[in-house]
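Notes follow once the structure below has been shown.
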Amino acid sequence: MSQNSASLDALFGPVAAKPDGSEVLAALTAAARERILILDGAMGTQIQGLGFDEEQFRGEAFAGCACHQQGNNDLLILTQPKAIEEIHYQYAIAGADILETNTFSSTSIAQADYGMEDAVYALN
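In the working numbering, the protein residues as written are 5 to 128.
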């Protein structure tokens, strides 16, 4: 477990098991009745700010991929997971109640632009 993961546990409490949809909805509904909930910000903007090059987008796992990957932000879940975790951590520290996953383009249609349709399951 990384230091940021431990810090997120301190902020939000440990997650012992993945809750089902009804538990999540109940928790969100209860929290929304108490206060305005804050969502995280623009993941793509934060990723662009990191200035990753083609090699960093590919990582070791996709070094031999024939298609251009720079700009495939969702692929960073697999190739640069610490960077994605750090972005989420910074949003949590800033006060976000809800952190969205970095899966905006993790569909077979969107990943076809990068020749990465076979990676969709792993991305999600």
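Idealized CB from N, CA, C, for every residue including glycine.
Nearest in C-alpha terms to A98, of all of A36, E27, S26, L41, is L41. Judged by DSSP secondary structure, M47 falls within the alpha helix (DSSP H) whose first and last residues are 47-54.
Cβ atoms of E58 and Q74 come within 8 Å of each other, at about 4 Å. If you look at Q94, you'll find it in the alpha helix (DSSP H) that goes 85-97. Secondary-structure assignment with DSSP links L43 through a beta bridge to I102.
Here Y125 is exposed, its C-beta having fewer than 16 other C-beta atoms within 10 Å.
At least 8 Å separates the beta-carbon of A87 from that of L79. At the C-beta level, Y95 and G45 come within 8 Å of one another. Per the C-alpha coordinates, the member of N106, C69, A100, I51 positioned closest to A116 is C69. Residues Q50 of the same chain have their beta carbon placed closer than 6 Å to that of I91, with the five preceding and five following residues left out of the count. Linking A30 to F56 through their CA atoms gives a straight-line distance of about 39 Å. DSSP, read as helix, strand or coil, puts Q60 in helix.
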